[in-house]
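Single-structure report; data block below.
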Amino acid sequence: MKRLGLILVPYLWLLALFLVPFLIVLKISLSDTELAIPPYTPTLDIAEGWEGIKTWWAGLDLENYTWLASDDLYWKAYLSSLKIAVISTLLTLIVGYPIAYGMSRAPDEWRPTLMMLIILPFWTSFLIRVYSWKAILSNEGLLNQLLIYLGIITDPLVILNTNVAVYIGIVYTYLPFMVLPIYSALERLDESLLEAAEDLGCSRFTAFWLVTMPLSKQGIIAGSFLVFIPAMGEFVIPALLGGSKTLMIGKVLWEEFFSNRDWPVASAVAVVLLLLLIIPIVLFQRNEEKQREAQK
Amino acid sequence: MRRLSWFNTVSLSLGFAFLYLPMIILITYSFNEGKLVTVWSGFSTKWYGELFRNEAFLNAAWVTLKVAVMSSSIATVLGTMAAYVMVRAGRFPGRTLFSGMIYAPLVMPEVITGLSLLLLFIAIGLDRGVLTIVLAHTTFSMCFVSVVVSSRLVTFDQSLEEAALDLGCTGFEAFRLVTLPIIMPAVVSGWLLAFTLSLDDLVIASFTSGPSSTTLPIKIFSAVRLGVSPEINALSTIMIGLVTVGVIGASLTSKRSIAKRQKDEQEAIQ
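Protein sequence lines, in the order shown, are assigned to chains B and V. Counting from 1 along the first sequence, just add 268 to a position and that's the residue number in our numbering. Counting from 1 along the second sequence, just add 36 to a position and that's the residue number in our numbering.
Pasting the structure below:
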């Protein structure tokens, strides 16, 4: 009896506040836009009984999805989110790997401090960390001031409100997610393997490429998914650092909902985004399971 | 002792400079006299004064704190229960769905979570305000709590609990007297995680808040969308300061308690 209660409380909470809301999104994505409150039709009227359910069911159609497919704004937004997420994941890997590698080669007594330095930004506000780049990247910002002072450029570079600023923002805020899994893979690496490779005539670089890289593969995969998945649906970074030309699906959904008040289309955008993310999420979970099995 | 090669020294210094310079610049310019945040015009703490006279910010900070305390506390209870179910309850009908619902919110884009909860609140006619933000934050942060707590529960020696039951404890007493003290560090870090997630959240709060319940991130976002403001720099500096003190304090306390436990264990052996 007690066991039942223990299961039911969190179960019912998640059903009511996670699954049901998502079913509502699915349902509204199949409805039509209406200038009313709520701004969609049909609404289910249980009081009318079976007839009510029948007319409700008949009112649902895939119109919003055909609309998404025909208007190229949405296609471009999905593709451009995908492009931005892939490029920034690669950039995060390029920036993050040397940090993780350096940490794993650091003296033992430094490691807790280095770990702390990587985790600390994660606890500080995401919004503030994104915002801090605004003063650096703007036309009269500190980066341009520095470059002009050094005589590298004469006219300020336009970085803020472009995709480049979005890449920088994503790399910056998600860097800990990349560094930590790679570090934990590299930390377990048995150094005698590298010595063996060098004894057998590998240069240090070949030894790195043939031994270290493959053994840290699981960490690279885990880190890449942890950056890619949230970057795909990102809203704050393109809204603060990107320009009017930066198309990302999270931003489109936000505007469709708050500015255009088109709830059915916003819901359809959400459903498609989720479908696109299911593939990387399933792959990520497979990778985690594989890793857990390898550790056993 | 190992020494860092020049390559590793360079990559670590560049990496940490990249991570910390933007925040150091932000903190520095919060003490700038002028309104422009990119031109230094002298030291001043006047923006801190402005900040503490700004009623709207103070109200938003109060709402945010209330929401964070309530949602993280409920999320800790629910998340710990969920973790217990996941690790201990064995098989029950709908288990796959349950674990799916625990893991899905961790990777769900915030815009979707926010949108779906808002549509739910409208469908059931619940007015948006502090309550709806608390419900929304509890739902996604309980999943984080349950992941943190279940990773501790997995390594927990179940025979301790069985011993308590043999000695006449009821199930709940065994949980309260034996299990809970052992998993307490995980429960506390789960609470802290839920608390910071709630403090930090902009997207879900924007969807689920009403006009009378603006949170601090919403306020900051609308202020910085158009440009940089020295008041926000001051506010950010205070927030970064609090987090730094909190995180370093927490890690020192946990280090000390680990050291104490090791000492106790050693004395017990002797």
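Cβ atoms here follow ideal geometry from the backbone N, Cα and C, with glycine treated the same way.
| Check | Outcome |
| --- | --- |
| Candidates B:F493, B:G511 and B:I362: closest to B:N431 by CA position | B:G511 |
| In chain order, each alpha helix (DSSP H) run of at least 4 residues that lies wholly inside the stretch 421-463 of chain B | 431-455 |
| Contact list for V:R261 against chain B, beta-carbon separation under 9 angstroms | A507 and L508 |
| Reduced DSSP secondary structure (H/G/I, E/B, other) of B:F503 | coil |
| CA-to-CA distance, B:W343 to V:K291, given in whole angstroms | 51 angstroms |
| Cβ neighbours of B:L395 in the same chain (closer than 7 angstroms, five flanking residues each side left out) | V504 |
| CA-to-CA distance, B:L454 to V:M37, given in whole angstroms | Legend: pLDDT at V:M37 = 43, less than 50; position of this residue unreliable, no value from coordinates given. |
| Close Cβ partners of B:L461 (< 6 angstroms) along its chain, the five nearest in sequence each way excluded | V479 |
| Chain B contact for V:P221 (CB, 9 angstroms cutoff) | no |
| Cβ of B:V293 within 9 angstroms of any chain V Cβ | yes |
| Interface flag, B:L382 vs chain V, CB-CB below 9 angstroms | yes |
| beta-carbon B:E557 near the ligand GTP non-hydrogen atom, thresh 8 angstroms | The model on display carries no ligand, and the ligand GTP is accordingly not part of it. |
| Host alpha helix (DSSP H) of B:P389 (start-end) | R379 to W391 |
| Proximity to V:C179 [Cα-Cα], best of V:A111, V:T168 and V:I169 | V:A111 |
| Under 8 angstroms (Cβ pairs) to chain V, residues found in the stretch 394-423 of chain B | F394, L395, I396, R397, Y399, S400, W401, K402, A403, I404, S406, E408, G409, L410 and Q413 |
| Chain-ordered neighbours of B:V504 on chain V, where CB pairs are closer than 8 angstroms | L238, V239 and F257 |
| Chain V contacts made by the stretch 328-342 of chain B, where a contact means CB separation under 7 angstroms | none |
| Near-chain B residues of the stretch 101-126 of chain V - C-beta to any C-beta below 7 angstroms | L114, M117, A118, Y120, V121 and A125 |
| Residues of its chain near V:A97, where Cβ-Cβ distance is below 7 angstroms and the 5 sequence neighbours each way are ignored | L252 |
| Selected residue, minimal CA-CA separation from B:P498, among B:D458, B:S356, B:R456 and B:D467 | B:S356 |
| Alpha helix (DSSP H) segment containing V:C179, residue limits | V166 to V190 |
| Contact list for the stretch 272-291 of chain B against chain V, Cβ threshold 7 angstroms | L274, I275, V277, P278, Y279, W281, L282, L285, F286, L287, V288, P289 and F290 |
| CB contact check: B:V479 to chain V, cutoff 9 angstroms | no |
| Secondary structure of B:T301, DSSP reduced to three states | strand |
| Close Cβ partners of V:L154 (< 7 angstroms) along its chain, the five nearest in sequence each way excluded | F243 and T244 |
| Below-9 angstroms beta-carbon distance, B:F445 vs any chain V residue | no |
| Counted within 10 angstroms of its Cβ, other Cβ atoms place V:E209 as buried (16 or more) or exposed | exposed |
| N-terminal and C-terminal residue of the alpha helix (DSSP H) that V:A304 is part of | P266 to I305 |
| First through last residue of the alpha helix (DSSP H) which encompasses B:N412 | L410 to Y417 |
| Per-residue burial, B:F526 [other beta carbons within 10 Å of its own, 16 or more giving buried] | exposed |
| Neighbour-count burial assignment, B:Y279, 16 or more Cβ in a 10 Å radius | buried |
| Start-to-end residues for the alpha helix (DSSP H) that takes in V:S49 | W42 to Y65 |
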